[in-house]
Structures are given as structure tokens and as C-alpha cells.
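Colleague:
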Amino acid sequence: MAKTKTHKFDEKLDITYSQYIKDSMEGEVALQRELEKVLGKEKTHKILREWSEKRTVEGLEKFLKDSGVTISNFEDFKNHMNGMWVSGHTPKTHTCETTNNSSDSVTYKVTECIWAKMMRESDAPDLGLLTMCDMDFISAKVYHPNIKLIREKTLMNGDDYCDFTYVWKKEYEFTGHRNSLS
74 MAKTKTHKFD EKLDITYSQY IKDSMEGEVA LQRELEKVLG KEKTHKILRE WSEKRTVEGL
134 EKFLKDSGVT ISNFEDFKNH MNGMWVSGHT PKTHTCETTN NSSDSVTYKV TECIWAKMMR
194 ESDAPDLGLL TMCDMDFISA KVYHPNIKLI REKTLMNGDD YCDFTYVWKK EYEFTGHRNS
254 LS
């Protein structure tokens, strides 16, 4: 049986996670800073926030659908999150430990985040907070309307760690589709 040759576009790249993310972020940061100059910081940040929220909701909804992940209760969510922290690229881009795990809350303490490192090195933690860190709150709502994220610290802000405390409260108000913010 003949071996199919891989097209050059599909060949693997010999590059570190740091270099890949740095290369990706440098262009985005430069564009975002140019938009701030042209449109003003306030308008640019409004556009970036709306775009980031839309991308986060659509991306997570697609992931949940395509992967067959269903979050019906808090145990489902915790099982999913616990698996996420130890699979795929996440262990290579974050250092995380669970510091609280109860029936209605779970706290993850992230002491290393490659995106925070790269955005801080690019002198753009404000853009990182806006387009990345703040989206964690949006994601919580997409996973399930009863999940709320509470966070007091972020590496992006220069803190020693990010705290992700997810709580499950049945009384949270939510309008719209279960996995949508619309």
C-alpha cells in the first residue's frame, strides 16, 4: 500500500509553545495598538471586548457540541474542568492546582500561564485581560447558567497567581438558551 505524502502546509513545525504564542501574539498586539491610535482606546476596547465575547461563546458552544460534552450539573462541570487542566496543550501552557473542591464550589490556582507571560512581555497585559482573562467569566455562563466564576487575582495583572473559583447556584438568573448568552 502506497504511503500518502503529507502536503507541505500540513507538516509539523519544530517550534516551542513559547515561540508559537509569541509569534502569534506580536501581530495581534501590534494591530490592537494601531487600532487604539486610529479609533481611540475606548472604542477599540469596546470592539475587542464584543469580538472576544462572540468568539468565546461561539467557540465554546461549538466545542461542547462537537465533543459531546454535556454539563447538566456541577459534578459534570468539575469533571470536565479537571480533565481539561491535565489534557491537550493545557499542561504545557499552564501550571494549575485544585485548592478547593466542594459540592457547590471548586477553586483552581494557576501559578503559570503562558499567555499572561507573553502579554506582559509584550507590554500588553491590558489587552490580555480584555481579550483573554475576562472571557473566563463568559465561558462560565456558556457551560451552564448556574455556574458563576469569582476571581480576585490574575497573573496578567501581575499577581502571583490566578484564582478561578467556580460556584454553583441554582438561583442565578439567566435568560435565553442553555448554552448561549443571547
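Per the numbering used here: the sequence shown ends with 255, consecutive numbering throughout.
For glycine and all other residues, C-beta sits at the position ideal for the given N, C-alpha and C.
Report the residue from I94, S97, K242, T227 whose alpha carbon sits nearest the alpha carbon of K182.
Modeller: Put simply, of I94, S97, K242, T227 the residue whose alpha carbon is nearest the alpha carbon of K182 is T227.
Colleague: By Cβ distance, which residues of its chain are closer than 6 Å to E170, with the 5 residues on each side in sequence left out?
Modeller: Around E170: K182.
Colleague: If we count the other Cβ atoms within 10 Å of its Cβ and call it buried at 16 or more, is T197 buried or exposed?
Modeller: Note that residue 197 corresponds to Ala in the displayed sequence, not to Thr. Label assigned to A197: buried.
Colleague: Report the CB separation of S195 from E99 in whole angstroms; it is logged as a contact under 8 Å.
Modeller: 7 Å
Colleague: Output needed for T172: all residues of its chain with C-beta closer than 6 Å, excluding positions within five of it in sequence on either side, in chain order.
Modeller: T180, K182
Colleague: Can you have a look at T204 and say buried or exposed, based on whether 16 or more other CB atoms are within 10 angstroms of its CB?
Modeller: buried
Colleague: Suppose the cutoff is 6 Å on Cβ atoms and the five residues either side in sequence are ignored; what does the same chain contact list for L133 look like?
Modeller: S212, V215
Colleague: For G201 versus M229, is the C-beta distance shorter than 8 Å?
Modeller: Contact: yes.
Colleague: With respect to the beta strand (DSSP E) encompassing K81, which residues constitute its N-terminal and C-terminal limits?
Modeller: No beta strand (DSSP E) contains K81, which DSSP labels as neither H nor E.
Colleague: Go ahead and pull the three-state DSSP assignment for T180.
Modeller: strand
Colleague: Which residues in the same chain as A189 place their Cβ atom closer than 6 Å to its Cβ, once the five residues preceding and following it in sequence are excluded?
Modeller: L228, M229
Colleague: Would you call the CB atoms of S125 and M192 closer than 8 Å?
Modeller: no
Colleague: In whole angstroms, give me the CA-to-CA distance for V240 and L222.
Modeller: 6 Å
Colleague: Pick helix, strand or coil for K242, following the three-state DSSP scheme.
Modeller: coil
Colleague: How many whole angstroms separate the CB atoms of T168 and E185, which I take to be in contact at a CB cut-off of 8 Å?
Modeller: With a beta-carbon spacing of about 4 Å, T168 and E185 fall inside the 8 Å limit used to define contacts.
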